[in-house]
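At position 51 of the sequence shown (counting the first as 1) the number is 763 in the numbering used here, and the numbers step up by one without a gap.
The block underneath contains the structure these notes are about, expressed in structure tokens.
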Amino acid sequence: MCPSSKTASTLRDYDAVAEAFDAGNRDHDVSQNIEALVSNIATSKPWSILDLGCAGGRDLETFARLGHEAIGVEGAPCFVELARQRGLEVWCQDFASLDLPENRFDGVFANAALFHVPSEHLDRVLADIYRTLKPQGCFFASNAHGFGEDKEGWTSGRTPETRSWVCWLSEHSWKGRCEAAGFQLLETFYRGPTKAFLATRLSSVPISRCSSSRPRYLSTETGGVLYNFLLPLTTARTVRETRSPEHRKLQVWLSARGEGADSVVVVASIIGSHKFQPPHREADSSTTRTMMCTGTPVLLWTRNSGVS
């Protein structure tokens, strides 16, 4: 796909002032945003992190100092040159024509960048981000927003001869786009004294995209047979178990041994009385957080890791 004229014009706008922009933003504190990303990656360290719209590489340097593999994507050639002069790995790509490898990164960081993506390209860009994340990866984005409205168009440039395209979405529209791409929202907060930037933290393993069809409801007896059938093939972890006189609820996470793209994740929720007693295994350190499911009496999802 050819670069968009809108994104190309925006890149020329930044390219015209690259050195001054870089110098003026070197000391800008985005530690809150970086912490929002790295505190929620569920895979093992060190991580591979992609910085979308990395400019001169300020945040890439931070990720590298933290001990992670840091790779940037930037479309403005002068920014790319500045970052590479600092010894950073940067791929020169326009957001309208991204070419990202599948299942490559543990985290994707997009700080004050994606609001320059025209709305007609945004769904594809978010799909590209989803595909390049590993299962259990985390996506962080901070964008100028429309304060309850969707606003899109040209803004005055950083020089008299240039201009930039902006797409300021409402919080509702932005979340809807991300969820449609497959992400599960984990956190939302606003940045700046005027709350001009909407920050979102998202997971690449949403329950809603675990199956392309509606969840299947099984009897408790069938669920017990299925559980005991899958158990020898998987590592079973009890996530949460509750008992009451009225009902018993058990939630388990079954993940296939190995980390290849063909591994299967099964999340099952059993609610109500049931006859089978699945063996209890303590959750190990690789279990990160409860994935809440509901169903009556058994609700089952399957997802091929890395496949949206």
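Note that CB positions come from ideal geometry on N, CA and C, so glycine has one too.
{"Asked": "Whole-angstrom distance between residue 803 and residue 696, CA atom to CA atom", "Found": "Here the chain covers residues 713 to 1020 and nothing more, so residue 696 does not appear."}
{"Asked": "Contacting residues, own chain, Cβ-Cβ under 6 angstroms from residue 723 (five flanking each side not counted)", "Found": "787 and 788"}
{"Asked": "Identity of the residues DSSP links to residue 903 by a beta bridge", "Found": "909"}
{"Asked": "Cβ-Cβ separation, residue 719 to residue 830 (assumed contact under 8 angstroms), whole Å", "Found": "7 angstroms"}
{"Asked": "Any 3 or more C-beta pairs closer than 8 angstroms across the region 875–894 and the region 831–844", "Found": "yes"}
{"Asked": "Residue 789, DSSP secondary structure in three states", "Found": "helix"}
{"Asked": "Delimiting residues of the beta strand (DSSP E) encompassing residue 819", "Found": "817–823"}
{"Asked": "Assigned exposure category for residue 743 - 16 Cβ within 10 Å defines buried", "Found": "exposed"}
{"Asked": "Three-state secondary structure (DSSP) of residue 802", "Found": "strand"}
{"Asked": "Residue 819 burial status per 10 Å Cβ neighbour count (16 or more: buried)", "Found": "buried"}
{"Asked": "Bridge-paired residues (DSSP) for residue 878", "Found": "865"}
{"Asked": "N- and C-terminal bounds of the alpha helix (DSSP H) containing residue 720", "Found": "717–727"}
{"Asked": "Continuous alpha helix (DSSP H) stretch holding residue 760: start and end", "Found": "Per DSSP, residue 760 belongs to no alpha helix (DSSP H); it is in the beta strand (DSSP E), 760–764."}
{"Asked": "Environment of residue 780 [buried if 16+ CB atoms lie within 10 Å]", "Found": "buried"}
{"Asked": "First through last residue of the alpha helix (DSSP H) which encompasses residue 775", "Found": "770–777"}
{"Asked": "Proximity winner among 856, 889 and 849, relative to residue 901 (alpha-carbon distances)", "Found": "856"}
{"Asked": "Residue 860 versus 735, 910, 793 and 807, residue with shortest Cα-Cα distance", "Found": "910"}
{"Asked": "Presumed contact (8 angstroms Cβ cut-off) between residue 734 and residue 869, rounded CB distance", "Found": "Not really, about 17 angstroms apart at Cβ, beyond 8 angstroms."}
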